[in-house]
Amino acid sequence: MILRTLKSNSAVNFILFPLVAVIFWLKSLLEPVVYPFYRGETENLLYRPVAQLLQNSAFLQSLASLLLIILMAFLVLQINNRYSFIRVRTMLPAPLFVILIGGFTQLHTLHPVYFATVFYLIAIFRFFSAFGKTKPYTALFDTGIWLGVASLFYFNAIILLPAFLIGAGILTRETRWREFVILITGVFVPFILAFGFAFYTNHLLELLKILELNIVTPNNYLKGNIALQAFLGFLVLFTLLGSVKLLQQYNTKKVSTRKFFTVFFFLFLFSVFSFVFIPATSQEMLMIIAIPATFQISNFFVFLKSRFWGELLFSLLFVIVIALQFFS
């Protein structure tokens, strides 16, 4: 019953998934806590003013994270509607994204990754518009700009650049060196402006130190968090099921859909790589990983033939996330 309701295209879902978000954030709103940042994590150029504005109110930080999650869910829905990943009319990606993030209870307060993910979603939306174009220069430049802005909130988002470069080769009709240069140039523009501002205000060395801290600082909130590890294991299972379903449908999917999901695979892959290659990466990257996982798992549930197993598995996911609000 839960799955049937949330995957419908009914207008009532525009109320339901924000309501689900409020339910999952209720504990953090009633008992707000501040995220345990490492030194320099809140000092990224674009996040610093936000941190200074809200640093004295844990409640406002939790509220801001809730509002941003709802905004992200709308962006996820907009991407699905615009590019038709799932070839039936459904709103499931939005509530599913909220449910997945709902399980990451330590992220129910403000973190730079929230703003980075918003701009990352905008970058994806713009990036996919390059599909099939012979000269997608504007779309690729805009994508680079948005990814650069995301990285000035949460620097480790820059690891997604290689995935976008690979994606440019997948989406565009004729891949030449210009596409890659334009995308990279777009990413560099926000950084050039940031370094220029830092130089003008005599904070260039400080900015470089902050970027260094955001790479080399050991940071692992996953270790010892048994509840989160168990939840991630459950999500890995769903992701594998979604992968199998996609492989079964591959030849029946439209060319655009196959390419979009291939791009999502590389975005997912490089997000996971960040845990291996960037010491400062920790649970916050799970929010970025959740985006491709959302579309993959949504596709699995929408096209699962057995209503019984669909409702059972989705209800189990929902119950586990509710339990995590109390036991993690």
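Take the sequence shown: its letters are residues 207 to 534, numbered as in this note's numbering.
Just so you know, even glycine gets a beta-carbon here, dropped at the ideal spot from N, CA and C.
None of these values were measured; they are calculated from a predicted model.
Residue environment analysis places Ala217 among the exposed positions, since fewer than 16 neighbouring C-beta atoms fall within 10 angstroms of its C-beta. A buried status is given to Gln502, since no fewer than 16 other beta-carbon atoms sit within 10 Å of its beta-carbon. Annotated as distal: Gly392 and Phe321, with beta-carbon spacing of 8 angstroms or more. The shortest C-alpha to C-alpha distance from Phe524 to any of Ile494, Lys460 and Phe440 is the one to Phe440. Sixteen is the threshold: when 16 or more other Cβ atoms of the shown chains lie within 10 Å of the Cβ of Ala486, as they do, the residue is buried. With a beta-carbon spacing of about 10 angstroms, Pro342 and Thr381 fall beyond the 8 angstroms limit used to define contacts. One Cα belongs to Leu475, the other to Phe403, and the distance between them is close to 33 angstroms. Exposed is the label assigned to Thr458, since fewer than 16 other Cβ atoms lie within 10 Å of its Cβ. The three-state reading of DSSP puts Ala486 in coil, since its state is none of H, G, I, E or B.
Going by DSSP, Asn431 is part of no alpha helix (DSSP H) at all; its letter is neither H nor E. Of Tyr244, Leu251 and Ser449, the smallest CA-CA separation from Leu399 is found for Leu251. For Val239 and Met278, the gap between their C-alpha atoms comes out near 22 angstroms. Counted as a single uninterrupted DSSP element, the stretch harbouring Lys339 is not any alpha helix (DSSP H), since DSSP gives it neither H nor E. In the structure shown, Tyr253 falls within a coil segment according to DSSP collapsed to helix, strand and coil. Three or more beta-carbon pairs separated by less than 8 angstroms link the stretch 482-497 to the stretch 427-439, which places the two stretches in contact. Taking 8 angstroms as the cut-off, the Cβ atoms of Ile276 and Ile307 do not count as close. For Lys415, the three-state secondary structure derived from DSSP is helix.
Under the three-state reduction of DSSP output, Glu380 falls in the coil class, being neither helix nor strand. One thing to note: Ile208 has its Cβ within 8 angstroms of the Cβ of Glu517. Residue nearest to Ser488 within the set Ala369, Arg254, Gln312 and Tyr326 is Gln312 (criterion: CA-CA distance).
In terms of Cβ geometry, Leu417 and Phe483 do not form a close pair [threshold 8 angstroms].
Counting of Cβ neighbours within 10 angstroms places Tyr406 among the exposed residues, the total staying below 16.
For Pro424 and Arg293, the gap between their C-alpha atoms comes out near 43 angstroms. By the neighbour-count definition (other C-beta atoms within 10 Å, threshold 16), Trp352 is a buried residue. Remark: C-beta atoms of Phe397 and Lys451 do not approach each other more closely than 8 angstroms. With a cut-off of 8 angstroms on Cβ pairs, the stretch 327-336 is not in contact with the stretch 294-301, counting fewer than three such pairs. For the set Arg245, Val226 and Asn287, the Cα lying nearest the Cα of Asn215 is the one of Asn287.
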